[in-house]
Amino acid sequence: MTEFVRFMERPGRSPVHPNALAAMQQTGEMVPQKQRGGSQRFLQGGLSAPITVTWEITAACNIACIHCLSSSGHRRPGELKTEQALALVDELADMQVFQIHFGGGEPFIYPGIWRVLERCTARGLVMCISTNGTLITADRARRLKQFEPLYFQVSLDGGTPQTNDSIRGKGVFQRALRGLELLAAENHSLTVNSVLTRHSFYELDTLYEIAESFNARLRVTRLRPSGRGQEVWTELHPTKEQYREFTNWLTAHPDVLTADSFFHLNAFGTMLAGLDICGAATATCCICPEGEVYPCAFFQAPEFEAGNLHTQSFREIWQTAALFDYYRKMGGGACSGCGQYNVCHGGCPATKWFVHRQLSIKDPECVL
Amino acid sequence: MSQSAAQYRLIAEVKIRRESFGGILYKYGCADRGALSFINSPQLIELLIAGQQQHNGDVSAAIESSRYSEASKQRLYSALDDLVKRGYIQVQ
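From first to last, the protein sequence lines are chains X and H.
Here the numbering used here is used: position 274 in the first sequence is 268, and no number is missing along the way.
Here the numbering used here is used: position 35 in the second sequence is 18, and no number is missing along the way.
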């Protein structure tokens, strides 16, 4: 215990919130090396640097989605200045991070976004911008051609204005389509990003066709109960029957991307392509507008803040944050004895936390 | 395939990084569903890095310019065939 306290008091090392510590410790011992299956063999313990970093560069947004994972809307007072953002790009490049996934908020509202993209290009970092598409103009779409490699994800949470706009706001469906059109006209690499809900489930084929019409790929991701998503998760998250049909649909559409976010559905018995485990704090993490670093974009709970870039370097947080140490060593909790543990690894920790404030339980959307 | 006469070339969208267990390959973009592969052979990772950095992506050239035994070459070409199937390498 004495050693633990000393460990926690090292200068610059953020302490772990007691609730987070208790929740992580309740998951039990890390699975022994010999018993680790699938991607877990390589990911448990963490990689030397993230593969991709989700960077929510501003909280400012011109729309207000009811499920926004970061409760975005207004710019926050402590958001990183452009010079800080440029230094962060350099640090990520030095660490050999492969890709930055810009989100928010709406990244195009961040005043320094053009300089940040310029620096990423100069440093060879792959850029992916998650945008609502409404601020794309013909001029911007053209200007963006100077940056590479650059990919876009334009959000549509339904294949019809009714479904999409009930989540993303009135008129947003048409404005997002216009953004897609402008980006497609400049031959940008595009995906249409769609959060799977109880309602959008019925419009998957339409979403697929919309994506195809812009020469884009469809990317369907899992709804998490984080941010404002906590308020609508019960009402919007898909049913088990929908998930079963969705698994079949995904299998029939191998070109559809998923952000590897549906690995909990592997428990149905069909292994989906991609990672079979959560990559939070091991292969990815999230940087928030005010410099907070979290295990992933869906785990922006204050108790799980690993550190802050206003006081520490990113490398220091990734390599030494006590929270990340504990997070990477979590056990399987209630799922440890399950016969399907090696194919789903207990599902999404963020979903467990935001629904039940525990990590040792099974995924609230466990399909068994 | 496993033919040393064929040219094995990394696709342009592959990033490679050393890790303690060997290394990782990543097909970038807004990609997933198989974009990431874990390679637990440091020898293979070093070969791929050499191919990418010194031979403009030509991994065959990296093999042929190194002093591998015939048995090692066969093992490496066999591993490259697997990477062809997973979309990281093209055969020309």
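Heads up, the beta-carbon is just placed ideally off N, CA and C, and yes, glycines get one too.
- For LEU27(H), DSSP records no beta bridge to any residue.
- ALA116(X) is classed as exposed because its beta carbon has fewer than 16 other beta carbons within 10 Å across all chains shown.
- Annotated as proximal: ILE271(X) and SER33(X), with beta-carbon spacing under 8 Å.
- Taking a C-beta distance under 8 Å as the contact criterion, PHE92(X) and CYS122(X) do not qualify as a contact pair.
- According to the DSSP assignment, GLY6(H) belongs to no alpha helix (DSSP H) but to the beta strand (DSSP E) extending over 5 to 10.
- Apart from sequence neighbours up to five positions away, the residues of its chain that approach HIS182(X) with a beta-carbon distance below 6 Å are PHE146, ordered along the chain.
- By the neighbour-count definition (other C-beta atoms within 10 Å, threshold 16), LYS346(X) is a buried residue.
- Looking at the DSSP output, GLU286(X) sits in a beta bridge with ASN302(X).
- Taken atom to atom, the span from the alpha-carbon of GLU142(X) to that of GLY333(X) is near 44 Å.
- Taking all protein chains shown into account, GLN35(H) has 16 or more neighbouring C-beta atoms within 10 Å of its C-beta and is therefore buried.
- Neighbours of LEU8(H) in chain X, taken as residues at a C-beta separation under 8 Å, are lacking, since the least C-beta distance is about 10 Å.
- If you look at GLY67(X), you'll find it isn't in any beta strand (DSSP E); DSSP assigns it neither H nor E.
- Using beta-carbon distances, ALA178(X) does not count as an interface residue toward chain H, since no partner is under 8 Å.
- Contact annotation: in the segment 29 to 51 of chain X, residues whose CB is within less than 9 Å of a CB in chain H are SER33, ARG35, PHE36, LEU37, GLY39, LEU41, SER42, ALA43, ILE45, THR46.
- For PHE256(X), there is no enclosing alpha helix (DSSP H), as DSSP gives it neither H nor E.
- Under DSSP, the beta-bridge partners assigned to ALA54(X) are GLY67(X).
- With respect to chain H, the C-beta atom of ALA87(X) has no partner C-beta closer than 8 Å.
- For the segment 268 to 281 of chain X, residues whose beta-carbon sits nearer than 8 Å to a beta-carbon of chain H comprise GLY268, LEU269, ALA277.
- At a C-beta separation below 8 Å, VAL120(X) has these neighbours in chain H: LYS(-2), TYR11, GLY12.
- The Cβ-Cβ distance between GLY285(X) and CYS62(X) does not fall below 8 Å.
- Contact annotation: ILE94(X) and VAL47(X) have beta-carbon atoms nearer than 8 Å.
- When only Cα atoms are considered, ASN302(X) and LEU30(H) end up about 38 Å apart.
- Taking a Cβ-Cβ threshold of 7 Å, the residues of chain H close to GLN90(X) are ARG0, in chain order.
- Rounded to whole angstroms, the Cβ separation of SER354(X) and ALA328(X) is 6 Å, and the two are in contact under 8 Å.
- What LEU(-7)(H) touches in chain X, judged by beta-carbon distance under 9 Å, is nothing: the nearest beta carbon there is about 14 Å away.
- THR128(X) sits buried, since 16 or more C-beta atoms from the chains shown fall within 10 Å of its C-beta.
- Inter-segment contact for the segment 62 to 81 of chain X and the segment 309 to 325 of chain X is absent: fewer than three beta-carbon pairs are separated by less than 8 Å.
- With respect to the C-alpha of MET324(X), the residue from TYR196(X), THR157(X), VAL25(X), VAL10(X) having the closest C-alpha is VAL25(X).
- As the crow flies, the alpha-carbon of ARG136(X) is around 6 Å from that of GLU180(X).
- Boundaries of the alpha helix (DSSP H) around GLN78(X): 76 to 88.
- When DSSP states are grouped into helix, strand and coil, LEU144(X) belongs to the strand group.
- Annotation: Cβ neighbours of LEU19(H) in chain X (cutoff 9 Å, chain order): SER33, ILE45, ASP254, GLY268, LEU269, GLY273, ALA277.
- Judged by their CB atoms, LEU27(H) and ALA62(H) are nearer to each other than the 8 Å cut-off.
- Beta-bridge annotation (DSSP): HIS95(X) is paired with THR48(X), CYS122(X).
- Under the three-state reduction of DSSP, GLN35(H) is assigned to helix.
- Classified as exposed, GLY331(X) has fewer than 16 neighbouring CB atoms from the shown chains inside 10 Å of its CB.
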